[in-house]
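Chemist: Sharing a structure below in structure tokens format, with a few things to ask.
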Amino acid sequence: MDAIPERPRAVRPRHAASLVLIDSSGEEPCILMGRRHARMKFIPDAFVFPGGKLDPGDLLAQPATPLRDATMKALNAAGTRTPLATALALAAVRETFEETGLMLSAPGHPGVGKGWEGFAGAGHAAALDGLDFIARAITPASSPIRFHARFFSAAAPQARGSLQGSGELLDLDWYPLSQALKLPLIDVTEFVLEEVAKRAAGSERPRPPLYSYRNERPLVRG
């Protein structure tokens with residue numbers, strides 16, 4: 000009898016965070032999104048929100064204002080302890096600044112964490128009090144690159160500066176929600192946009208959902 004080949008061990012997901020910036024000044028909410036470069040290993044050519052993996056410097060950085068109690072409680076209820084929850088929110092703010100030039104900040108000093116030099120130079124640190132925790136997602140076990148991503152949202156007026164991409168995200172712009180849903184998206188991004196639409200319509204879930212996979216099929220909990 001032939002031996003049954005062993006299933007490859009799944010890669011451990013890395014912590015990551017994204018920020019959904021929402022401009023509600025018009026008739027329809029507009030979402031800041033950009034297209035990942037074709038050279039990127041992970042989801043090339045797909046439209047995404049600003050964001051990325053948690054860096055060591057995010058664990059050392061200090062915010063100017065903390066997450067609101069309700070936001071922290073939602074993260075804690077999802078199994079994310081307070082220090083990591085703060086670091087993930089910081090990562091979302093840092094990545095947004097790096098990829099878009101927009102800074103969610105207030106006067107303060109971010110500390111000595113690497114990657115926060117731009118904030119320190121401006122005499123600012125991250126402002127987290129305007130962030131909401133809206134969803135999380137875990138990449139399928141079969142993927143060679145995996146993330147456990149937390150998605151935060153914030154109102155566009157909280158962002159300082161002018162929109163100027165770093166080149167990591169192409170076609171960076173504010174897209175009306177209905178148009179954003181028609182862009183080239185992966186399933187997780189589409190799901191988060193649908194959650195944003197539900198919240199805008201006043202029908203949000205009792206707690207932020209988890210988008211994951213079972214036997215390679217999407218599974219939503221929460």
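In numbering that gives the first Met the number 0, the protein residues as written are 0 to 221.
No residue lacks a Cβ here, since even glycine has one placed at the ideal position from N, Cα and C.
Fair warning: this is a prediction, and the values are worked out from it, not measured in the lab.
(1) State the start and end residues of the unbroken beta strand (DSSP E) segment that holds A134.
(2) Report the start-end ranges of each alpha helix (DSSP H) in the segment 161-208 that is 4 residues or longer and not cut off at the edges.
(3) If we count the other Cβ atoms within 10 Å of its Cβ and call it buried at 16 or more, is H123 buried or exposed?
(4) Rounded to the nearest angstrom, how far is the Cβ of E215 from that of P139, given a contact under 8 Å?
(5) Who are the Cβ neighbours of S169 in its own chain at under 7 Å, not counting the five residues just before and after it?
(6) In this structure, how does DSSP classify V10 when only helix, strand and coil are distinguished?
(7) For E203, which residues in the same chain have their Cβ closer than 7 Å to its Cβ, ignoring the five residues on either side in sequence?
(8) To the nearest angstrom, how far is the alpha carbon of L182 from that of L58?
(9) Using C-beta distances below 8 Å, list every residue in its chain close to R11, excluding the 5 sequence neighbours before and after it, in chain order.
(10) Would A9 and G51 be called neighbours here (beta carbons separated by less than 9 Å)?
(11) Take every Cβ of the segment 159-178, pair it with every Cβ of the segment 113-120, and state whether three or more of those distances are shorter than 8 Å.
(12) Would you list the one or two residues that DSSP bridges to I30?
(13) Taking only runs that begin and end inside the segment 59-96, name each unbroken alpha helix (DSSP H) of 4 or more residues, in chain order.
(14) Give the secondary structure of P55 by DSSP, where H, G and I count as helix, E and B as strand, and everything else as coil.
(15) Starting from the Cα of S211, find the closest Cα among V111, G100, R135 and give me that residue.
(16) Between which residues of its own chain and P208 is the CB-CB distance below 6 Å, once the five residues before and five after are set aside?
(17) Please report the straight-line C-alpha distance between S23 and L176, rounded to a whole angstrom.
(18) By Cβ distance, which residues of its chain are closer than 6 Å to A60, with the 5 residues on each side in sequence left out?
(19) At which residues does the alpha helix (DSSP H) containing F41 begin and terminate?
(20) Would you mind giving the Cβ-Cβ distance between L31 and L130, rounded to the nearest angstrom? I have them listed as a contact below 8 Å.
(21) Can you tell me the Cα-Cα spacing of P205 and P143, whole angstroms?
Modeler: Well, looking at it:
(1) If you look at A134, you'll find it in the beta strand (DSSP E) that goes 131-137.
(2) Runs of the alpha helix (DSSP H) inside the segment 161-208: 176-179, 186-199.
(3) By the neighbour-count rule (16 or more Cβ atoms within 10 Å), H123 is buried.
(4) Going by Cβ atoms, the distance from E215 to P139 rounds to 6 Å, so yes, they are a contact pair.
(5) The sequence shown places Leu at residue 169, not Ser. Sequence-distant Cβ neighbours of L169 in its own chain, meaning closer than 7 Å and more than five residues away, are G33, R34, H36.
(6) Reduced to three states, the DSSP call for V10 is coil.
(7) Cβ neighbours of E203 beyond the five flanking positions: K197.
(8) L58 has its alpha-carbon roughly 34 Å from the corresponding atom of L182.
(9) Sequence-distant Cβ neighbours of R11 in its own chain, meaning closer than 8 Å and more than five residues away, are R145.
(10) In this structure, A9 lies away from G51, with their beta-carbon atoms at least 9 Å apart.
(11) No: the two stretches stay apart, fewer than three of their Cβ pairs being nearer than 8 Å.
(12) According to DSSP, I30 bridges with I21, Y174.
(13) List check, alpha helix (DSSP H) in window: 68-76.
(14) In this structure, P55 counts as helix in the three-state DSSP scheme.
(15) Considering only V111, G100, R135, the residue with the shortest C-alpha distance to S211 is R135.
(16) Result list for P208: A134, V219, G221, in chain order.
(17) When rounded, the distance between both Cα atoms is 10 Å.
(18) Sequence-distant Cβ neighbours of A60 in its own chain, meaning closer than 6 Å and more than five residues away, are L89, P109, G110, G112, W115.
(19) Here F41 belongs to no alpha helix (DSSP H), and DSSP marks it neither H nor E.
(20) Contact annotation, L31 with L130: C-beta distance approximately 14 Å; criterion of less than 8 Å not satisfied.
(21) Answer to the nearest angstrom: the Cα atoms are 33 Å apart.
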